[in-house]
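Residue numbers (full-length UniProt numbering): 1 to 250. Quick notes on the structure that follows.
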């Protein structure tokens, strides 16, 4: 059964990736173009997610082969399971008014782009993050599962979901519960795939933005691996040139 379950998980993940590739192509193109437009105009790009939804946001920030202008918008206590107790992060997602405080003390401004990642899109923090960002003149890209609004209720006072406050929405195709497997003797579904698909969508969006900039004659500021000879020197030059738009370096 062990090998069979492993194969089933890979099959499920690949099918979700195929659907995301084929069904979200237009949204990926629109999101990539939005980021390219902001970069070209001197804007900055931020990504936010809470709990495990923070992982796809972190995946595009300060990494080899990545766009240097991708910044993490971090909310203390929600970035990962390193907070103690881990359940505090889930509780903070339901706190009303937190997003406005975070944005007020962050470097975001009109013309920037914020990517908000939330699997369910139902909690107060991601909903208000998108709402507040748009009120501040940012463009908002949402990465979520469109299955949740059809099967759950919003936890925000407005009754709305993340999807309702975005300029572009990317659907990661994940079913409610985020578990692709079941087996005799296992009391609950297991095998979450949201991180796999959401990370792939994020990288596809960034790749689209990079290609769009290059096609338009704009050299995209890219990072190289620090484990390749000359990588640190290359990155140091990028940090110097674009320091006012890179917020994880100082």
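By construction, the Cβ of each residue, glycine as well, lies at the ideal position given by its N, Cα and C atoms.
Within the stretch 44 to 73, complete beta strand (DSSP E) segments of at least 3 residues are found at 45 to 49 and 70 to 72, given in chain order. CA-to-CA, the gap between residue 131 and residue 185 works out to about 44 Å.
When secondary structure is reduced to three states using DSSP, residue 229 falls in the coil class, being assigned neither helix nor strand.
Sorting 128, 118, 120 and 103 by C-alpha distance to the C-alpha of residue 112 places 103 at the top. In the displayed model, residue 170 falls within a strand according to three-state DSSP. In this structure, residue 56 keeps its C-beta atom at 8 Å or more from the C-beta atom of residue 166.
Residues of the same chain with a CB within less than 8 Å of the CB of residue 225, apart from the 5 flanking positions on each side, are 64, 65 and 231 in chain order.
The shortest C-alpha to C-alpha distance from residue 215 to any of 243, 37, 114 and 122 is the one to 37. Of the residues 12, 9 and 28, the one whose Cα lies closest to the Cα of residue 211 is 28. When the beta-carbon positions are compared, residue 173 and residue 19 come within less than 8 Å of each other. Exposed is the label assigned to residue 227, since fewer than 16 other Cβ atoms lie within 10 Å of its Cβ. Sixteen is the threshold: since fewer than 16 other Cβ atoms of the shown chains lie within 10 Å of the Cβ of residue 10, the residue is exposed.
DSSP, reduced to helix, strand and coil, places residue 89 within a helical segment of the structure shown.
The beta-carbon separation of residue 119 and residue 144, rounded to 7 Å, stays under the 8 Å limit for a contact. Residue 175 places its beta carbon 8 Å or farther from that of residue 150.
Judged by beta-carbon spacing, residue 138 lies beyond the 8 Å limit of residue 99, meaning their Cβ atoms are not closer than that value. The C-alpha of residue 189 is placed about 46 Å away from the C-alpha of residue 41. Residue pairing by DSSP places residue 222 opposite 67 in a beta bridge. A straight line joining the alpha-carbon of residue 50 with that of residue 75 spans about 8 Å.
Within a 10 Å sphere around the beta-carbon of residue 217 sit fewer than 16 other beta-carbons, which makes this residue exposed. Ranking 157, 197, 239 and 141 by CA distance to the CA of residue 30 puts 141 first. The Cβ-Cβ distance between residue 68 and residue 221 falls below 8 Å. By the criterion of a C-beta distance shorter than 6 Å, residue 35 is surrounded in its chain by 45, 113 and 209, once the five residues flanking it on both sides are discounted. For the options 58, 105 and 179, the alpha carbon positioned closest to that of residue 191 is the one of 179. Cβ contact annotation for residue 2 (same chain, cutoff 8 Å, sequence separation greater than five): none.
Contiguous alpha helix (DSSP H) elements confined to the stretch 80 to 124 occur at 87 to 92 and 98 to 104, taking only those with 4 or more residues.
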